[in-house]
DNA sequence: AATCCGGGGAA
DNA sequence: TTCCCAGGATT
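Residue numbers (this note's numbering): 1 to 345.
Structure below.
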């Protein structure tokens, strides 16, 4: 597809000027260190800038370079990620750090093609790192870029269909800034819901969606997925000093995280008693805690919660007895348990 | 090509 | 409620 030369040059020049004047002062923009850009891009996957900032600051302070990341144990690393979600990101990053140390002398690969081979780095992230850190002339198409460009061009195209067009749109220099400017316009101006702030947009003069009032119908939206609801029974079991937790399976939702016993379904008091008996608990005080709902992307968990207080806890296979301190400092829990923090503090 | 994988902010 | 976020891996 051959695009109008004016349309392209206007886009490039306008975004360049916009970015020069209005780029946000974000922590990962302080330098072009490939490692910190990599960390930021992984954290920013499906996660908003505001959420990422404090995690990024803490992460870089403790793990300032690839070799530190490669050396830290996975449990401590998970703890740094606690609450960010999509925990496989951190597992893949850890694996990638070891590969970078062992096979790339501790230096991030300098081309998107090479970066793409690392676990956790897909087409977008490879393009983002290569263009921002190394100024490779390559696209970085995320949700923002897809939305901005499909509106600007007035084309109902998917993200995949947009990719081949990017070679025509990319400027010959300042590629990293061009890519970031597109994302910045997408997240601050050309926003998805309600009305985009077209009057403030640096590329509105040649935006087809703006001209033809198509911002509502562009970009084409993926079909929404069906949500399901599952009942769970949460047991916070304590002897006043220690708490019973266990490690989740290595596959599936919240893989490898720790949890308070979370039983399938809405268990009756009798069923709970039977479960506790298996843990060697035959005498206990049971307190009903407030129910809650934890929302994932594709399912809701309805949590029926109880606090179980007993005199003595005995070690049992597959369960771990931990102090409050270790619970807070060492073990990584899903944020769904935060709602019950007052009952284990 | 679909589905899975967290959590939160915003309307 | 619904959307969607600087997406990637798995099937």
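Ideal Cβ positions, reconstructed from N, Cα and C, are used throughout, including at glycine.
Start-to-end residues for the alpha helix (DSSP H) that takes in residue i
i	result
residue 17	5-22
residue 184	175-188
residue 39	34-43
residue 74	74-81
residue 148	143-153
residue 91	88-103
residue 159	159-162
residue 298	Per DSSP, residue 298 belongs to no alpha helix (DSSP H) and is neither H nor E.
residue 127	123-134
residue 208	208-212
Anticipated Cβ contact below 8 Å, residue i with residue j, distance rounded
i	j	result
residue 291	residue 305	7 Å
residue 310	residue 281	5 Å
residue 351	residue 28	The requested residue 351 is not part of the displayed model; the chain covers only 1 to 345.
residue 87	residue 254	7 Å
residue 303	residue 286	Actually they do not touch by this definition, with Cβ atoms about 16 Å apart.
residue 256	residue 246	At roughly 12 Å, the Cβ-Cβ gap does not stay under 8 Å, so residue 256 and residue 246 are not in contact.
residue 149	residue 162	6 Å
residue 47	residue 84	7 Å
residue 316	residue 279	5 Å
residue 184	residue 58	The pair is not a contact, with the Cβ atoms about 24 Å apart (cut-off 8 Å).
residue 176	residue 203	Contact doesn't hold; Cβ gap of about 18 Å is too wide.
Beta-bridge partners of residue i, as assigned by DSSP
i	result
residue 307	236 and 287
residue 292	303
residue 58	DSSP lists no partner for residue 58.
residue 258	247 and 333
residue 231	302
Closest residue to residue i among the options (Cα-Cα distance)
i	options	result
residue 100	250, 121 and 218	121
residue 346	181, 299, 188 and 236	Outside the shown range of the chain (1 to 345) lies residue 346, about which nothing can therefore be said.
residue 14	85, 200, 89 and 191	200
residue 44	343, 96 and 128	128
residue 264	258, 285, 243 and 234	234
residue 221	192, 130, 90 and 188	192
residue 116	107, 103 and 130	130
residue 70	316, 35 and 267	35
residue 82	68, 9 and 51	51
residue 324	341, 317, 106 and 312	341
residue 296	289, 228, 185 and 236	228
residue 105	113, 112 and 96	96
residue 143	179, 12, 337 and 289	179
residue 38	111, 94, 78 and 125	125
residue 181	242, 7 and 11	11
residue 167	343, 3 and 344	3
Enclosing beta strand (DSSP E) for residue i [first to last residue]
i	result
residue 264	262-264
residue 320	320-323
residue 247	242-247
Notebook entry, point to check: How do the region 324-341 and the region 250-264 stand: do at least 3 beta-carbon pairs fall below 8 Å, yes or no?
Noted result: yes
Notebook entry, point to check: Using 8 Å as the threshold, is the region 145-156 in touch with the region 200-213, meaning 3 or more CB pairs across them?
Noted result: yes
Note to self: Between the region 165-174 and the region 135-142, can you find at least three pairs of beta-carbon atoms closer than 8 Å?
What the structure shows: yes
Check: How about the region 60-75 and the region 88-95: do they share at least three Cβ pairs that are nearer than 8 Å?
Finding: yes
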